[in-house]
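Heads up, the thing below is written out as structure tokens.
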Amino acid sequence: GAGVSQSPSNKVTEKGKDVELRCDPISGHTALYWYRQSLGQGLEFLIYFQGNSAPDKSGLPSDRFSAERTGGSVSTLTIQRTQQEDSAVYLCASSLVGQVVTKNIQYFGAGTRLSVL
Amino acid sequence: AQSVTQLDSHVSVSEGTPVLLRCNYSSSYSPSLFWYVQHPNKGLQLLLKYTSAATLVKGINGFEAEFKKSETSFHLTKPSAHMSDAAEYFCVVSEGGSQGNLIFGKGTKLSVKP
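Protein sequences appear in the order of chains C and R.
Residues 1 to 117 (my numbering) are what the first sequence spells out, left to right.
Residues 118 to 231 (my numbering) are what the second sequence spells out, left to right.
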């Protein structure tokens with residue numbers, strides 16, 4: 001597609017349930033990023049993929065969070081046993097990655113708004 | 118370690134008056150700096166970027182920013198605000214390279230009064 005696509009746009013779930021958030025990057029972009037935007041916390045980096053591998057998982061807040069990417073394209077962020085503090089907007093971005101920084105502009109999707117009741 | 122400080126959480130201007138959104142950064146290396154804008158319920162959109170070329174960077178919608186290494190600043194300006202500029206603006210730093218995750222400031226909400 002023309003841009004980064006995320007689904008669902010909104011997700012309401014009950015505490016303790018698992019959720020899956022999906023990201024379709026821009027075609028041809030090899031790098032994919034997940035961020036979380038919470039009230040009062042700003043935007044925080046969660047995880048980065050180069051192809052299907054994740055060299056940087058440093059931002060995942062707990063072992064309840066995991067992500068995978070298959071075929072160098074679609075990525076899924078999974079949150080197990082959701083807690084109320086997981087409520088946030090989860091943003092996905094993709095970029096062309098190279099040694100030249102100008103190729104590393106990240107393009108963002110509209111996000112998934114997760115509400116944990 | 119990299120960090121970004123947006124000095125104002127909220128800025129309010131009248132339509133037609135200048136906009137100034139302030140940003141200071143800290144970086145161990147030559148940083149790349151960005152401004153992103155987020156309209157309500159929309160994704161983040163890149164306004165402009167600095168990557169060690171010209172220090173005065175022009176972006177979309179009439180915005181520009183000046184990189185001042187001596188002041189470690191990258192303030193965003195626009196000569197004349199428009200109602201459609203009301204949004205949240207994020208100053209972002211990246212050390213780039215093959216990894217290049219972004220470090221975001223906490224955002225500045227811009228309100229434009231008629």
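For glycine and all other residues, C-beta sits at the position ideal for the given N, C-alpha and C.
All of these numbers come straight from a predicted model, not from anything done at the bench.
Please state whether DSSP places residue i in a helix, a strand or coil.
i                : result
Ser38 (chain C)  : strand
Asp24 (chain C)  : strand
Ile177 (chain R) : helix
Asp202 (chain R) : helix
Lys57 (chain C)  : coil
Gln123 (chain R) : strand
Glu188 (chain R) : helix
Gln6 (chain C)   : strand
Glu14 (chain C)  : coil
Glu132 (chain R) : coil
Gln80 (chain C)  : coil
Ser211 (chain R) : strand
Among residues of its own chain, excluding the 5 on either side of residue i, which ones have a beta-carbon nearer than 7 Å to its beta-carbon?
i                : result
Gly214 (chain R) : Because Gly214 (chain R) carries a pLDDT of 48, less than 50, the predicted location of this residue cannot be relied on, and the following value inherits that uncertainty. Here the set comprises nothing.
Gln84 (chain C)  : Lys15 and Val116
Gly59 (chain C)  : Glu44, Phe45, Leu46 and Ile47
Which residue's Cα is closest to the Cα of residue i: the options?
i                : options                                   : result
Val210 (chain R) : R:Val130, R:Glu188 and R:Asn218           : R:Asn218
Thr112 (chain C) : C:Leu60, C:Tyr35 and C:Leu96              : C:Tyr35
Leu150 (chain R) : R:Ser129, R:Lys186 and R:Asp125           : R:Lys186
Ser197 (chain R) : R:Glu205, R:Ile177, R:Tyr167 and R:Ser131 : R:Ser131
Ser147 (chain R) : R:Lys175, R:Ala204 and R:Ala170           : R:Ala170
Val95 (chain C)  : C:Leu32, C:Asn10 and C:Thr76              : Reading off the sequence, residue 95 (chain C) comes out as Ser, not Val. When only C-alpha atoms are compared, the closest one is C:Leu32.
Ser190 (chain R) : R:Val136, R:Thr134, R:Ser144 and R:Ala118 : R:Ser144
Ser53 (chain C)  : C:Ser62, C:Leu60 and C:Glu68              : C:Glu68
Ala123 (chain C) : C:Ser58, C:Thr30, C:Thr76 and C:Ser38     : Lying outside 1 to 117, the shown extent of chain C, residue 123 (chain C) is not represented and no answer is given.
Val128 (chain R) : R:Gln119, R:Asp202, R:Ser120 and R:Leu138 : R:Leu138
Ser62 (chain C)  : C:Pro55, C:Thr76, C:Ile47 and C:Gly71     : C:Ile47
Ile220 (chain R) : R:Tyr142, R:Leu124 and R:Ala204           : R:Tyr142
Ser9 (chain C)   : C:Ile26, C:Gln106 and C:Leu91             : C:Leu91
Thr168 (chain R) : R:Pro157, R:Phe184, R:Asn158 and R:Gln119 : R:Phe184
Ser27 (chain C)  : C:Pro55, C:Ala2, C:Phe65 and C:Phe108     : C:Ala2
Gln50 (chain C)  : C:Phe65, C:Ala93 and C:Arg64              : C:Ala93
Please go through the same chain and pick out, in chain order, the residues whose beta-carbon is closer than 8 Å to the beta-carbon of residue i, but skip the five residues on each side of it.
i                : result
Asp122 (chain C) : Chain C is shown from 1 up to 117; residue 122 (chain C) falls before or after that span and cannot be answered.
Thr13 (chain C)  : Val19, Thr82, Leu114, Ser115, Val116 and Leu117
Lys11 (chain C)  : Val19, Leu21, Thr112, Arg113, Leu114 and Ser115
Leu161 (chain R) : Tyr153, Val154, Gln155 and Phe207
Glu181 (chain R) : Leu165, Leu173, Val174, Lys175, Leu193, Thr194 and Lys195
Ser126 (chain R) : Lys223, Gly224, Thr225 and Lys226
Asp202 (chain R) : Val136, Asn178, Lys195, Leu227 and Val229
Gly71 (chain C)  : Asn52
To which residues of the same chain is residue i closer than 6 Å at the C-beta, ignoring the five residues directly before and after it?
i                : result
Asp24 (chain C)  : Ser5 and Val74
Thr122 (chain R) : Asn141
Asp86 (chain C)  : Ile79 and Val116
Residues in the segment 175-194 of chain R having any Cβ partner in chain C nearer than 7 Å: The segment 175-194 of chain R vs chain C, Cβ under 7 Å: nothing.
Contact between the segment 40-47 of chain C and the segment 220-231 of chain R (3+ Cβ pairs under 8 Å): Contact between the segment 40-47 of chain C and the segment 220-231 of chain R is present, because at least three Cβ pairs lie under 8 Å.
Residues, ordered as in the chain, of the segment 141-163 of chain R that lie near chain C by beta-carbon distance below 7 Å: Close to chain C, meaning a Cβ-Cβ distance shorter than 7 Å, are the following residues of the segment 141-163 of chain R: Ser149, Lys159, Gly160, Leu161 and Leu163.
Members of the segment 34-49 of chain C near chain R, C-beta cut-off 7 Å: Sequence-ordered contacts of the segment 34-49 of chain C with chain R read Gly42, Leu43, Phe45 and Tyr48 [C-beta pairs closer than 7 Å].
Residues, ordered as in the chain, of the segment 217-229 of chain R that lie near chain C by beta-carbon distance below 9 Å: Result list: Gly217, Asn218, Leu219, Ile220, Phe221, Gly222, Lys223 and Gly224.
Near-chain R residues of the segment 55-89 of chain C - C-beta to any C-beta below 9 Å: Hits within the stretch, in order: Pro55, Asp56, Ser58 and Gly59.
Proximal residues, the segment 19-30 of chain C versus chain R, C-beta separation under 9 Å: Result list empty, no residue passes.
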